[in-house]
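Letter by letter, the sequence shown follows residues 874 to 1404 in the working numbering. See structure below.
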Amino acid sequence: MQSLTKRLIAAAGLTGFSGIFLLWRLLVININSGDYLKYDMSAPREVTVVSSYGEIYDRNGKKLVNRSERYIAVIDPETAHRDELEAHITDREKYESCIDGNALFLCGVDTPTLTSATVIPVSERYGSDCLCAHIIGYTSGDKGVCGLEMAYDELLRVPRSYVDLNYSVDARGDILEGDGIDMKWVSSFKTGIYTSIDYAVQKAAETAMADVKKGAAIVVDISTGEICAVVSKPVFDPSHPELSLDDPDSPFINRAFSAYSVGSVFKLVTAGAALEYGISDEYVYDCTGSITVRQDKFGCHRFGGHGRLDMRQAMVESCNPYFISLGQDIPASFLHDFAAGLGFGEGKTFALGLTSAKGNLPTEGELLVPEEKANFSFGQGRLTATPLQVTMMTAAIANGGECPYPVLINGNADQTGVKAASADISSYTRVMKKSTADKLKDFMISTMYKENSMAIPEFTTGGGKTSTAQTWTYDEYGNEKLNCWFTGFFPADEPKYAVTVMIEEGISGNVTCGPVFRAIADAVQMNRYAD
874 MQSLTKRLIA AAGLTGFSGI FLLWRLLVIN INSGDYLKYD MSAPREVTVV
924 SSYGEIYDRN GKKLVNRSER YIAVIDPETA HRDELEAHIT DREKYESCID
974 GNALFLCGVD TPTLTSATVI PVSERYGSDC LCAHIIGYTS GDKGVCGLEM
1024 AYDELLRVPR SYVDLNYSVD ARGDILEGDG IDMKWVSSFK TGIYTSIDYA
1074 VQKAAETAMA DVKKGAAIVV DISTGEICAV VSKPVFDPSH PELSLDDPDS
1124 PFINRAFSAY SVGSVFKLVT AGAALEYGIS DEYVYDCTGS ITVRQDKFGC
1174 HRFGGHGRLD MRQAMVESCN PYFISLGQDI PASFLHDFAA GLGFGEGKTF
1224 ALGLTSAKGN LPTEGELLVP EEKANFSFGQ GRLTATPLQV TMMTAAIANG
1274 GECPYPVLIN GNADQTGVKA ASADISSYTR VMKKSTADKL KDFMISTMYK
1324 ENSMAIPEFT TGGGKTSTAQ TWTYDEYGNE KLNCWFTGFF PADEPKYAVT
1374 VMIEEGISGN VTCGPVFRAI ADAVQMNRYA D
């Protein structure tokens, strides 16, 4: 009898424990129903499908992400028209594993409408027409990894729109007859961020740079300082960044914000410092093919030299000995401070993880060494700078000596898409006298239209300066790898945009970069890529 009583007590205890466990499990399933979201609908009674996340807009309110859609069908195997479905399924493996079951499931399709299933449009975050990858960045799962996606992760991960699906099932998981699926579309929010990028300008720049292997292009609105385009090559696919992890050309580096040896575009700085110091643009130097500074001999790119040149002619011909001679007549402190005032040696931080390098501006003490100063005067030696810094120098020249502050983030968008907070895009710093800027601008126009120039636009006018900078690195055949530059502005009479193109391992600034500048200027002027 006692043995029977013990067995009954044990059985009751086991039954009670099983009941408690079952109740706990039901609570877990109810509380953690989110664990069953996304693409597996075999268990939950409520599912939320996110249609799109927060927006990234250009400066005109045009979307830079979520520009295309894919489609997901909500399929009930009991009522599905299989012939119709199988003609449109894009996820064949998922379809075949679920269609013979009895549970509702989600599956990709290639059409926005089906007669036997509800289709939900879901935004492609990046898609095939995604631009500006080095600024936008990318996500992994539901987390921003780099670029604006990381810097504004909390804001951008808020669902912009989503769909709630509610349905009831019996013990076998079949949808209860008569209940069906209750689908609720939640209002589309437009929260996100406004950037300074201009979609049409960005498209023009990326198209012009399509055949470039390694390099960068940047376009700035001279009147506002807004960075309208940032291109870095090679580029990674933000939808599949893993494909670029082992690329030896480092596609994750934003070359537009990275520092390089500069070369002859820096002659604009030397000329500007000389004019500010009081040296006349009629300063004449007789180039015989080389110049000697103490024990070092610096050659001219033209065998036999250019002969007698004034400042305009020296800029057009890009005569190194002229600018070395000119630089020797400018105090080291004055030359250094003028370059620093233009932003050389200073980095820019636009957002968390979005920083432009400061490059290297030799110190005043280093420039007291005549040979170092000689190299500096024509953009070589220890000097390095970013395409952004060179572009802002050009913007200051084209803007009459006032340099706008570079802007990348214009503000946040509220739920209605209205810009809720805005950056100050009217901040300027006078970095040189207007008379100095006007002369440099005139020099650049003369340089643009020199014989054999490959940068002259067809549909607008402009001014510019080339560089072919030494890097002291060599290929397997012993040929030096050259950084080629072109920086310029357009139109010439009333400049609106400053543009810099930098291409690694090129031939020359004119041959390698000039055509890219021309293509950008013409496309922007003709508004070719406006939707």
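Each residue gets a CB set at the ideal place from its N, CA and C atoms; glycine is no exception.
| Item | Value |
| --- | --- |
| Other residues of its chain near D1373: CB distance less than 6 Å, five sequence neighbours each side excluded | First, the amino acid is wrong: residue 1373 is Thr here, not Asp. The residues are I1091, P1260, V1263, T1264 and T1360. |
| Nearest neighbour of E959, chosen from I1282, N975, D1404 and V982 [CA to CA] | V982 |
| Rounded straight-line distance, which links the Cα of S925 to that of Y1025 | 16 Å |
| Cβ-based burial, G1387 [other Cβ within 10 Å; buried from 16] | buried |
| Option nearest K1170 by Cα separation, candidates P1194, T1320 and P1279 | P1194 |
| Buried or exposed (CB count within 10 angstroms, at least 16 for buried), A1394 | buried |
| Outcome for V1138 when other beta-carbon atoms lying within 10 angstroms are tallied against a minimum of 16 | buried |
| Buried/exposed call for Q1075, threshold 16 Cβ in 10 Å | buried |
| E1275 versus K1057 - alpha carbon distance | 54 Å |
| Where E1434 falls, given that 16 or more other Cβ within 10 Å makes a residue buried | The shown model of the chain, from 874 to 1404, leaves out residue 1434, and the question about it has no answer. |
| For E1377, the nearest candidate out of V1166, L1148, E1353 and A1371 (CA to CA) | E1353 |
| Outcome for Q1398 when other beta-carbon atoms lying within 10 angstroms are tallied against a minimum of 16 | buried |
| Residue range of the unbroken alpha helix (DSSP H) whose run includes Y1150 | K1140 to Y1150 |
| For V1389, three-class secondary structure by DSSP | helix |
| Continuous beta strand (DSSP E) assignments of at least 3 residues falling wholly in the stretch 1083-1132 | 1088-1094 and 1100-1106 |
| Contact check, A1073 vs N1400, beta carbons under 8 Å | yes |
| Secondary structure of I1009, DSSP reduced to three states | helix |
| Boundaries of the beta strand (DSSP E) in which E942 is found, first to last residue | S941 to I948 |
| Euclidean distance between Cα positions of K1314 and Y1156 | 18 Å |
| Residue of L1227, R1175, H1174 and V1242 minimising C-alpha distance to G1200 | V1242 |
| I1376 - partner residues in DSSP beta bridges | G1088 and C1357 |
| Burial state of L1256, where buried means 16 or more other Cβ atoms lie within 10 Å | buried |
| Whole-number beta carbon distance between S1105 and N1356, since they are thought to touch under 8 Å | With a Cβ gap of about 14 Å, N1356 and S1105 do not count as contacting. |
| The beta strand (DSSP E) enclosing V1263, as first and last residue numbers | Run containing V1263: none in the beta strand (DSSP E); it sits in the alpha helix (DSSP H), P1260 to A1271. |
| Chain-order list of residues whose beta-carbon lies under 7 Å from that of E1239 (same chain, five-residue window excluded) | E1245 and R1255 |
| Length of the line joining the Cα atoms of S1069 and D1154 | 37 Å |
| Q1168 burial status per 10 Å Cβ neighbour count (16 or more: buried) | exposed |
| Residue range of the beta strand (DSSP E) that includes I929 | E928 to Y930 |
| Residues that DSSP places opposite C971 in a beta bridge | Answer is none; C971 lacks a bridge partner. |
| T1320: first and last residue of the uninterrupted alpha helix (DSSP H) it sits in | K1307 to M1321 |
| Helix, strand or coil at M914 according to DSSP, with G and I counted as helix | Its pLDDT being 43, under 50, M914 is placed unreliably by the model, and nothing is read from it. |
| E928 and A1286 closer than 8 Å at C-beta | yes |
| Boundaries (first-last residue) of the beta strand (DSSP E) holding F978 | F978 to V982 |
| Endpoints, the alpha helix (DSSP H) within which V1074 is located | Y1072 to A1081 |
| Where Q1398 falls: helix, strand or coil (DSSP) | helix |
| Residue of F1390, C1019, K1369 and L1215 minimising C-alpha distance to G1337 | F1390 |
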